[in-house]
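What follows is a short report on a single structure.
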Amino acid sequence: MKKDYYALLGVPRNATQEEIKRAYRRLALKYHPDRNPGDPEAEERFKEISEAYEVLSDPEKRAIYDAQGHAGLHQRGFRGFEDVEDIFSAFSDLFEEFFGFSFRERSPGRKPRAGADLSYEVSLSLEEVYHGKEVEITLEKYLRCEECGGSGLAPGAGPRYCPVCKGRGHVVHSEGFFRLTTTCPHCQGMGTLISDPCPRCHGEGRVWGKRRLRVKIPPGVEEGSVIRVPGEGEAGLYGGPPGDLYLKIRTKPHAYFRREGKNLVLTLVIGVVDAILGARTEVQHLSGETIPIEIPRGTQPGDRLLLKGKGLPDPRGGEPGDLLVEIEVRLPSRVNREQEELLRRFSELEKSEGPQVKSRKKSGFWRKIFKE
1 MKKDYYALLG
11 VPRNATQEEI
21 KRAYRRLALK
31 YHPDRNPGDP
41 EAEERFKEIS
51 EAYEVLSDPE
61 KRAIYDAQGH
71 AGLHQRGFRG
81 FEDVEDIFSA
91 FSDLFEEFFG
101 FSFRERSPGR
111 KPRAGADLSY
121 EVSLSLEEVY
131 HGKEVEITLE
141 KYLRCEECGG
151 SGLAPGAGPR
161 YCPVCKGRGH
171 VVHSEGFFRL
181 TTTCPHCQGM
191 GTLISDPCPR
201 CHGEGRVWGK
211 RRLRVKIPPG
221 VEEGSVIRVP
231 GEGEAGLYGG
241 PPGDLYLKIR
251 TKPHAYFRRE
261 GKNLVLTLVI
271 GVVDAILGAR
281 TEVQHLSGET
291 IPIEIPRGTQ
301 PGDRLLLKGK
311 GLPDPRGGEP
321 GDLLVEIEVR
331 LPSRVNREQE
341 ELLRRFSELE
351 KSEGPQVKSR
361 KKSGFWRKIF
371 KE
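In case it helps, UniProt numbering puts the sequence shown at residues 1 to 372.
Below you can see the structure in the form of structure tokens.
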């Protein structure tokens, strides 16, 4: 639950803008992350008071907060600050007023940054899942600049040391007892300067383009699984490392088979006579082979026949799944006179008592057994 903004700054609800500003200056000095290195509680407190100041120093946001609280701000898209870098960026002029130097120097600038991760959905037929497949993917993304090899330098050029930080990448500011080390604003923390950038990538070390690659999908890959391809995301900025590519697997519906984990399920429709007397049939498997199926006598609708090891391969090299054959008995919608006579004769031989409502209690023989 979010805390009261006025309580966070220690000011009354009728505080003036000057009182709010003074309170924030005092607390920002106390909880600043550079004054409390490695202290997550101080950093969290710094974010809380900065969020409070962001709202209470803005007349429009303050009016919404006074009338509707945190919910009113949330409905209008206010989310606060995700990290301290957002605070330094938003309040750089204010911090320069408070402490005598700007916090814009903390911006990432030309500091090497990792490339973004990419995601791509791969749709496979069930046959491709069974056998495995090498898929070809074409991506539009940032690629490492081949002209400069990702350095951002023009061919033959070299970086030179920053004259402000002497190659250290940071500078030190002092204001009384308050000592702060910040990123060098001249070289943005690189320690070096590029005076002759690459003409193709303009010094970024990467360019927009297309890349085609082939990725092997193992047999039996699971539905919804994600395959990581290291280094195939976007190229990094200013020589930073590339991101990764994540492939999400989707299985296309099959005309006859469906998958349950490693198992394959097939629905087999048979006639009444085959269910009673048993039968033999064949099905075309995903592997391409023809598999015989024995239907035992007295097979009931909904029965499942198990064919061990005829499911999908295990992508981790374990035992394969099974093939489950679900039985569906097809009843004839009409019969001719000869068939009807045979069925009536069959009913007499079976000594059928006709349709009956099935009791949920045990009766007859079972009642005697269980002595109900």
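For every residue, glycine included, the Cβ atom is placed at its ideal position computed from N, Cα and C.
If you're wondering where the values come from, they're calculated on a predicted model, not measured in any experiment.
* With respect to the beta strand (DSSP E) encompassing residue 279, which residues constitute its N-terminal and C-terminal limits? -> Numbered from 1 along the sequence shown, position 279 holds the residue referred to as residue 279. Note, residue 279: beta strand (DSSP E), 279–284.
* Asked: So what does residue 263 bridge to, in DSSP terms?
  -> As a first step, residue 263 must be located in the sequence shown, where it is residue number 263. Residue 263 is bridged to 260.
* To do: Please check the pair residue 126 and residue 254, which I expect to be a contact at CB under 8 Å, by giving their CB distance rounded to whole angstroms.
  => Translated into the one-based positions of the sequence shown, residue 126 becomes position 126. Translated into the one-based positions of the sequence shown, residue 254 becomes position 254. So it is a contact: roughly 4 Å between Cβ atoms.
* Collapsed DSSP secondary structure at residue 268 in the structure displayed -> Counted from its first residue, the sequence shown places residue 268 at position 268. Strand.
* **Proximity winner among 211, 216 and 62, relative to residue 232 (alpha-carbon distances)** => Here residue 232 corresponds to residue number 232 of the sequence shown, with the count starting at 1. That would be 211, whose Cα lies nearest to the Cα of residue 232.
* **Three-way DSSP call (helix, strand, coil) for residue 8 in this model** => The residue you call residue 8 lines up with position 8 of the sequence shown. Residue 8: helix per DSSP, three-state reduction.
* Asked: DSSP puts residue 135 in a beta bridge; with which residues?
  -> As a position in the sequence shown, residue 135 is number 135, starting the count at 1. For residue 135, which the question treats as bridged, DSSP gives the partners 215.
* Asked: Rounded to the nearest angstrom, how far is the Cβ of residue 220 from that of residue 292, given a contact under 8 Å?
  -> Walking along the sequence shown from the start, residue 220 turns up at place 220. Walking along the sequence shown from the start, residue 292 turns up at place 292. Residue 220 to residue 292, Cβ: 23 Å. No contact.
* **Buried versus exposed, by CB contacts within 10 Å (16 or more), residue 416** => Examination of residue 416 is not possible in this model, given that the chain is present from 1 through 372 alone.
* Asked: If you compare alpha carbons, which of 33, 27 and 12 is closest to residue 182?
  -> Working through the sequence shown from its first residue, we reach residue 182 at position 182. Checked all of 33, 27 and 12; the closest Cα to residue 182 is 33.
* **Close Cβ partners of residue 241 (< 6 Å) along its chain, the five nearest in sequence each way excluded** => Along the sequence shown, read from residue 1 onward, the residue named residue 241 stands at position 241. Hits under 6 Å: 114.
* According to DSSP, is residue 441 helix, strand or coil? -> Within the shown structure, residues of the chain are numbered from 1 to 372, placing residue 441 beyond reach of any answer.
* To do: Please name the residue in 47, 265 and 340 whose C-alpha comes closest to that of residue 30.
  => As a first step, residue 30 is located in the sequence shown; it is residue number 30 there, counting from the start. Of the candidates 47, 265 and 340, the one whose C-alpha sits nearest the C-alpha of residue 30 is 47.
* Asked: How about residue 204 and residue 237: do their beta carbons lie closer than 7 Å?
  -> Counted from its first residue, the sequence shown places residue 204 at position 204. Counted from its first residue, the sequence shown places residue 237 at position 237. It is a contact, given that the beta carbons lie within the stated cut-off.
* Asked: Do three or more CB pairs link the segment 159–172 to the segment 258–273 at distances below 8 Å?
  -> no
* Do residue 134 and residue 252 have their C-beta atoms closer together than 7 Å? -> Within the sequence shown, the letter at position 134 stands for residue 134. Within the sequence shown, the letter at position 252 stands for residue 252. Cβ atoms of residue 134 and residue 252: not closer than 7 Å.
* With C-beta atoms as the reference, is residue 28 less than 7 Å away from residue 11? -> By one-based count along the sequence shown, residue 28 stands at place 28. By one-based count along the sequence shown, residue 11 stands at place 11. No, they are not a contact pair.
* Asked: Nearest to residue 121 by CA position, among 223, 165, 279 and 259, is which residue?
  -> What you label residue 121 is simply residue 121 of the sequence shown in a count that begins at 1. If we check each option's Cα against that of residue 121, 223 comes out closest.
* Can residue 69 and residue 150 be called in contact, C-beta distance under 7 Å? -> Against the sequence shown, residue 69 aligns to sequence position 69. Against the sequence shown, residue 150 aligns to sequence position 150. No, Cβ-Cβ distance for residue 69 and residue 150 is not below 7 Å.
* Asked: Should residue 235 go down as buried or exposed, given a rule of 16 or more other Cβ atoms within 10 Å for buried?
  -> On the sequence shown, residue 235 is found 235 positions in, with the first residue counted as 1. So residue 235 counts as buried.
* Spell out the partners DSSP gives residue 209 in its beta bridges. => Locating residue 209 in the sequence shown gives position 209, where the first residue counts as 1. For residue 209, which the question treats as bridged, DSSP gives the partners 141.
* **Length of the line joining the Cα atoms of residue 138 and residue 129** => Counting from one through the sequence shown, the residue named residue 138 turns up at place 138. Counting from one through the sequence shown, the residue named residue 129 turns up at place 129. Answer to the nearest angstrom: the Cα atoms are 21 Å apart.
* If you draw a straight line from the C-alpha of residue 299 to the C-alpha of residue 244, how long is it? -> Translated into the one-based positions of the sequence shown, residue 299 becomes position 299. Translated into the one-based positions of the sequence shown, residue 244 becomes position 244. Each residue's alpha carbon lies about 52 Å from the other.
* In DSSP terms, what residue 170 is bridged to -> Numbered from 1 along the sequence shown, position 170 holds the residue referred to as residue 170. Residue 170 is bridged to 183.
* Should residue 189 be labelled buried (16 or more other beta-carbon atoms within 10 Å of its own) or exposed? -> Within the sequence shown, numbered from 1, the residue matching residue 189 stands at position 189. It counts as buried.
* Asked: Of the choices 313, 146 and 56, whose alpha-carbon is the least far from that of residue 20?
  -> Reading the sequence shown from its first residue, position 20 is the one you call residue 20. The shortest Cα separation from residue 20 among 313, 146 and 56 belongs to 56.
* To do: Evaluate residue 136 with the Cβ neighbour count: other Cβ atoms within 10 Å of its Cβ, from every protein chain shown; 16 or more gives buried, anything less gives exposed.
  => By one-based count along the sequence shown, residue 136 stands at place 136. Under this definition residue 136 is an exposed residue.
* residue 316 - DSSP class collapsed to helix/strand/coil -> Locating residue 316 in the sequence shown gives position 316, counting from the first residue. If DSSP states are grouped into helix, strand and coil, residue 316 belongs with coil.
* To do: Mind checking which residues open and close the beta strand (DSSP E) that includes residue 49?
  => Taking the first residue of the sequence shown as position 1, residue 49 is located at position 49. Where residue 49 is concerned, there is no enclosing beta strand (DSSP E), although the alpha helix (DSSP H) it sits in stretches over 40–56.
* If you draw a straight line from the alpha carbon of residue 304 to that of residue 296, how long is it in whole angstroms? -> For the purposes of this step, residue 304 is identified with residue 304 of the sequence shown, where counting begins at 1. For the purposes of this step, residue 296 is identified with residue 296 of the sequence shown, where counting begins at 1. If I take the Cα positions, the gap works out to 11 Å.
* Take the Cβ of residue 387 as the centre, count every other Cβ of all protein chains shown within 10 Å, and call the residue buried at 16 or more, exposed below. => Given a span of 1 to 372 for the chain in the structure shown, any question on residue 387 remains unanswerable.
* To do: Give the straight-line distance between the Cα atoms of residue 327 and residue 73, rounded to the nearest whole angstrom.
  => Against the sequence shown, residue 327 aligns to sequence position 327. Against the sequence shown, residue 73 aligns to sequence position 73. Their Cα atoms are separated by approximately 59 Å.
* Asked: Quick one: is the Cβ of residue 68 within less than 6 Å of any heavy atom of the ligand MG?
  -> Looking for the ligand MG in the displayed structure turns up nothing, as the structure carries no ligands at all.
* For residue 67, which of 13, 250 and 42 has the nearest alpha-carbon? -> By 1-based counting over the sequence shown, the position of residue 67 is 67. Ranking the options by Cα distance to residue 67, first place goes to 13.
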